[in-house]
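Everything on this sheet refers to the single structure shown next.
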């Protein structure tokens with residue numbers, strides 16, 4: 076492993092350690108790099124608040140009530 | 368919809384010079400290797416016709432879930448979805464209208480906003496249009512529009528007139544110095560006349576992306592920074608914050624066929640009087656690719672991720688495919704996930720573990736068959752452990768005339 080890679084890993088670990096979970100509702104995020112557009116989130120959402128559009132899941136914040144079913148079902152960990 | 372399919376195939380018969388691709392895939396999964404647990408059937412099929420700058424596509428997916436005896440109580444909609452799209456692409460211009468028709472096979476319930484009760488959703492239609500243009504000056508323009516007409520009725524069987532519109536566009540300039548600059552915007556309106564719900568949220572993003580070109584050999588780094596100005600309210604009527612997102616991606620080739628990449632992403636929310644850390648994600652993947660002993664490439668991939676927002680998740684995944692003889696490959700995979708739980712009686716969080724193995728056989732004509740037997744465990748009030756079966760057939764032949 077090169078020094079550069081070691082530095083990157085160290086930076087990532089420091090960032091991870093520096094951040095803690097926010098205590099207020101922050102809304103959900105879909106990571107488009109991880110989302111494979113499988114639509115499992117659509118099938119479990121009871122509020123019609125998430126839908127795959129052009130290959131990526133999109134959350135409608137005016138309908139999402141943060142039940143986290145999409146977070147739970149996503150096979151790639153793309154919703155958090 | 369059947370008429371559309373017949374017309375499409377009729378067109379195919381009349382125009383035998385068209386290029387054709389088709390695919391079909393069916394998979395079944397069960398909670399248990401024994402009959403009687405929750406079971407899931409997924410099927411999809413499609414056909415592509417292409418001629419010069421034109422491309423026509425028809426896709427059909429179908430999902431049927433039976434969860435009466437599922438090991439875990441879950442919620443999944445049974446539905447059928449048909450998508451017809453046309454793509455015209457020439458001289459940097461792309462025009463793609465599409466039309467999607469979704470049918471809920473069991474009239475699934477949908478929770479209406481603002482405590483208006485439960486509606487019955489039966490179907491939706493969604494026409495859409497995408498436009499794109501790549502100019503010679505390394506500028507890419509795009510625009511899109513969508514309209515949803517959802518058939519949702521209340522408990523008195525009255526149609527609620529649920530409609531949504533979404534429109535937006537953007538521009539990206541790929542500058543000569545390795546920095547990409549972008550601006551994009553979108554607006555989404557949700558209107559449910561039957562309950563008086565009418566909400567719009569919109570977003571304008573300013574983004575910059577940098578990919579340095581003077582890095583050590585076999586190293587790639589990309590950094591993105593985006594600022595999102597949002598308008599509209601969330602489900603509680605709280606205004607959406609402005610949001611900054613910073614992301615760094617790096618890929619390092621450690622040795623021949625061995626790559627390591629990781630991503631770090633942090634978002635920061637700016638409310639009117641409060642600035643706070645929002646979602647954070649860090650993930651790393653190690654992938655080894657090799658020829659194996661069969662006809663198809665082999666690989667081992669190990670991925671780990673942690674996220675922090677109002678909730679925390681941890682996710683680890685091992686995916687292995689090793690070609691052993693001709694078209695036969697051995698599959699081994701495992702996943703560990705920890706995060707929020709929607710299952711009654713499990714408290715706020717739970718951990719899920721899935722690991723198992725199986726075989727896949729790919730024939731030269733594009734047909735492949737596969738199965739996995741997996742062991743799953745979920746940490747509930749007590750740890751629930753069960754075996755599951757998953758298998759399927761897929762057909763992806765090469766394009767032909």
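Chains as they are written, first to last, in the numbering used here: chain A, 76 to 155; chain B, 368 to 768.
From the three backbone atoms N, C-alpha and C, an ideal C-beta is built for every residue, glycine too.
Exercise for the section: Go ahead and label residue 405(B) buried or exposed: buried means 16 or more other beta carbons lie within 10 angstroms of its beta carbon, across all protein chains shown. Expected result: Numbered from 1 along the second chain, position 38 holds the residue referred to as residue 405(B). Label assigned to residue 405(B): buried.
Practice task
Say yes only if the C-beta of residue 131(A) is nearer than 6 Å to one or more non-hydrogen atoms of the ligand ZN, and no if none qualify.
Solution key: Summarising the ligand content, the structure contains no ligands, and the ligand ZN is consequently not present.
Handout entry: Buried versus exposed call for residue 471(B) [16 or more other C-beta atoms within 10 Å across all chains shown]
Key = Taking the second chain and counting its residues from 1, one reaches residue 471(B) at position 104. Under this definition residue 471(B) is a buried residue.
Practice task
Mind checking who residue 642(B) pairs with in its DSSP beta bridge?
Solution key: The count along the second chain starts at 1 and reaches residue 642(B) at position 275. Per DSSP, the beta bridge partners of residue 642(B) are 637(B).
Handout entry: residue 110(A) at chain B interface by Cβ criterion, 7 Å
Key = Walking along the first chain from the start, residue 110(A) turns up at place 35. For residue 110(A), the answer is no, since every Cβ of chain B falls outside 7 Å of its Cβ.
Practice task
Under the assumption that residue 121(A) contacts residue 478(B) (Cβ atoms under 8 Å), give the Cβ distance between them as a whole number of angstroms.
Solution key: Mapped onto the first chain, residue 121(A) falls at position 46. Mapped onto the second chain, residue 478(B) falls at position 111. Yes, they are in contact, since the Cβ atoms of residue 121(A) and residue 478(B) sit about 5 Å apart, within 8 Å.
Exercise for the section: Output the boundary residues of the beta strand (DSSP E) element that contains residue 415(B). Expected result: In the second chain, counting from the first residue as 1, residue 415(B) sits at position 48. Per DSSP, residue 415(B) belongs to the beta strand (DSSP E) from 406–418.
Problem - Which of helix, strand or coil DSSP assigns to residue 116(A) - result: Numbered from its first residue, the first chain carries residue 116(A) at position 41. Three-state DSSP puts residue 116(A) in a helix.
Handout entry: Sequence ranges, beta strand (DSSP E) only - wholly within the stretch 578–656 of chain B, length at least 3
Key = 586–598, 609–622, 625–637
Exercise for the section: Go through its chain and collect everything with a Cβ distance to residue 572(B)'s Cβ below 6 Å, but skip five positions before and after it. Expected result: As a working mapping, residue 572(B) is identified with position 205 in the second chain. Within the same chain, residue 572(B) has close Cβ partners 551, 593, 595.
Problem - Cβ neighbour criterion (16 or more within 10 Å) applied to residue 455(B) - result: Position 88 of the second chain holds residue 455(B). With fewer than 16 Cβ atoms within 10 Å of its Cβ, residue 455(B) is classed as exposed.
Handout entry: For residue 373(B), the three-state DSSP class (helix, strand or coil)
Key = Numbered from its first residue, the second chain carries residue 373(B) at position 6. Interpretation of residue 373(B) is limited by its pLDDT of 49, a score under 50 that renders its predicted location unreliable; the figure taken from the coordinates is listed afterwards. Looking at residue 373(B) - three-state DSSP - the assignment turns out to be helix.
Practice task
Inspect the beta-carbon positions of residue 718(B) and residue 708(B) and report whether they are closer than 7 Å.
Solution key: Looking up residue 718(B) in the second chain gives position 351. Looking up residue 708(B) in the second chain gives position 341. No, Cβ-Cβ distance for residue 718(B) and residue 708(B) is not below 7 Å.
Exercise for the section: Go to residue 544(B), then tell me how far its beta strand (DSSP E) extends in each direction, as first and last residue. Expected result: Numbered from its first residue, the second chain carries residue 544(B) at position 177. Neither: residue 544(B) is in no beta strand (DSSP E) and is coded neither H nor E.
Practice task
If I'm right that residue 155(A) touches residue 676(B) with Cβ under 8 Å, what's the distance once you round it to whole angstroms?
Solution key: Position 80 of the first chain, counting from 1, holds the residue named residue 155(A). Position 309 of the second chain, counting from 1, holds the residue named residue 676(B). Rounded, the Cβ-Cβ distance is 6 Å, consistent with contact.
Handout entry: Three-state secondary structure assigned by DSSP to residue 147(A)
Key = In the first chain, residue 147(A) corresponds to position 72, counting from 1. Helix at residue 147(A).
Problem - Within 7 Å, strictly: CB atoms of residue 536(B) and residue 510(B) - result: One-based indexing of the second chain puts residue 536(B) at position 169. One-based indexing of the second chain puts residue 510(B) at position 143. Closer than 7 Å, so yes.
Exercise for the section: Let me know the secondary structure DSSP gives residue 104(A) once reduced to three states. Expected result: As a first step, residue 104(A) is located in the first chain; it is residue number 29 there, counting from the start. Three-state result, residue 104(A): coil.
Handout entry: Three-state class that DSSP yields for residue 762(B) in the structure shown
Key = Sequence index remark: in the second chain, residue 762(B) carries index 395 (1-based). It is a strand residue.
Handout entry: Residue-level contact to chain B via CB, residue 104(A), 7 Å cutoff
Key = For the purposes of this step, residue 104(A) is identified with residue 29 of the first chain, where counting begins at 1. For residue 104(A), the closest Cβ of chain B is nearer than 7 Å.
Handout entry: From 494(B), 446(B), 609(B), residue whose alpha carbon lies closest to that of residue 643(B)
Key = Taking the first residue of the second chain as 1, we reach residue 643(B) at position 276. With distances taken between Cα atoms, residue 643(B) lies closest to 609(B).
Exercise for the section: Give me the Cα-Cα distance between residue 133(A) and residue 127(A), rounded to the nearest whole angstrom. Expected result: Within the first chain, the letter at position 58 stands for residue 133(A). Within the first chain, the letter at position 52 stands for residue 127(A). Going by the C-alpha atoms only, they are around 6 Å apart.
Handout entry: Cutoff 7 Å: residue 127(A) Cβ touching any chain B Cβ
Key = To locate residue 127(A), count along the first chain from 1; it is residue 52. With 7 Å as the cut-off, residue 127(A) does not count as an interface residue toward chain B.
Exercise for the section: Evaluate residue 692(B) with the Cβ neighbour count: other Cβ atoms within 10 Å of its Cβ, from every protein chain shown; 16 or more gives buried, anything less gives exposed. Expected result: On the second chain, position 325 is the one that residue 692(B) refers to. So residue 692(B) ends up on the exposed side.
Practice task
Output the distance between the C-alpha atoms of residue 755(B) and residue 740(B), rounded to the nearest integer angstrom.
Solution key: Along the second chain, read from residue 1 onward, the residue named residue 755(B) stands at position 388. Along the second chain, read from residue 1 onward, the residue named residue 740(B) stands at position 373. Residue 755(B) and residue 740(B): Cα-Cα distance of roughly 6 Å.
Practice task
Please list the residues of the stretch 671–696 of chain B that have a C-beta atom closer than 7 Å to any C-beta atom in chain A, keeping them in chain order.
Solution key: 672, 673, 674, 675, 676, 677, 678, 679, 680, 682
Handout entry: Beta-carbon proximity check, residue 515(B) vs residue 491(B), cutoff 7 Å
Key = The residue you call residue 515(B) lines up with position 148 of the second chain. The residue you call residue 491(B) lines up with position 124 of the second chain. The answer is yes: Cβ separation under 7 Å.
Exercise for the section: Give a yes or no on whether 7 Å exceeds the smallest Cβ distance from residue 552(B) to chain A. Expected result: Against the second chain, residue 552(B) aligns to sequence position 185. For residue 552(B), the closest Cβ of chain A is not nearer than 7 Å.
Practice task
For residue 526(B), collect the residues of the same chain with a Cβ closer than 6 Å to its Cβ; drop the 5 residues on either side in sequence, then sort them by chain order.
Solution key: In the second chain, residue 526(B) corresponds to position 159, counting from 1. Closer than 6 Å at the Cβ level, and outside the excluded window around residue 526(B), lie 520.
Problem - chain A within 7 Å of residue 706(B), Cβ atoms only - result: Stepping through the second chain from its first residue, residue 706(B) is reached at position 339. At least one chain A Cβ lies under 7 Å of residue 706(B).
Exercise for the section: Could you tell me if residue 118(A) is buried or exposed, where buried requires 16 or more neighbouring beta carbons within 10 angstroms of its beta carbon? Expected result: As a position in the first chain, residue 118(A) is number 43, starting the count at 1. Result: buried.
Exercise for the section: Select from 387(B), 630(B), 396(B) the residue whose C-alpha is nearest the C-alpha of residue 737(B). Expected result: By 1-based counting over the second chain, the position of residue 737(B) is 370. Per the Cα distances, 396(B).
Practice task
Check whether the Cβ of residue 107(A) lies closer than 7 Å to any Cβ atom in chain B.
Solution key: Working through the first chain from its first residue, we reach residue 107(A) at position 32. Chain B contact via Cβ: absent.
Exercise for the section: Report yes or no: is there a C-beta of chain A within less than 7 Å of the C-beta of residue 568(B)? Expected result: Walking along the second chain from the start, residue 568(B) turns up at place 201. Yes, residue 568(B) lies at the interface with chain A (some Cβ there is under 7 Å from its Cβ).
Handout entry: residue 431(B), DSSP secondary structure in three states
Key = On the second chain, position 64 is the one that residue 431(B) refers to. Residue state, collapsed to three classes: strand.
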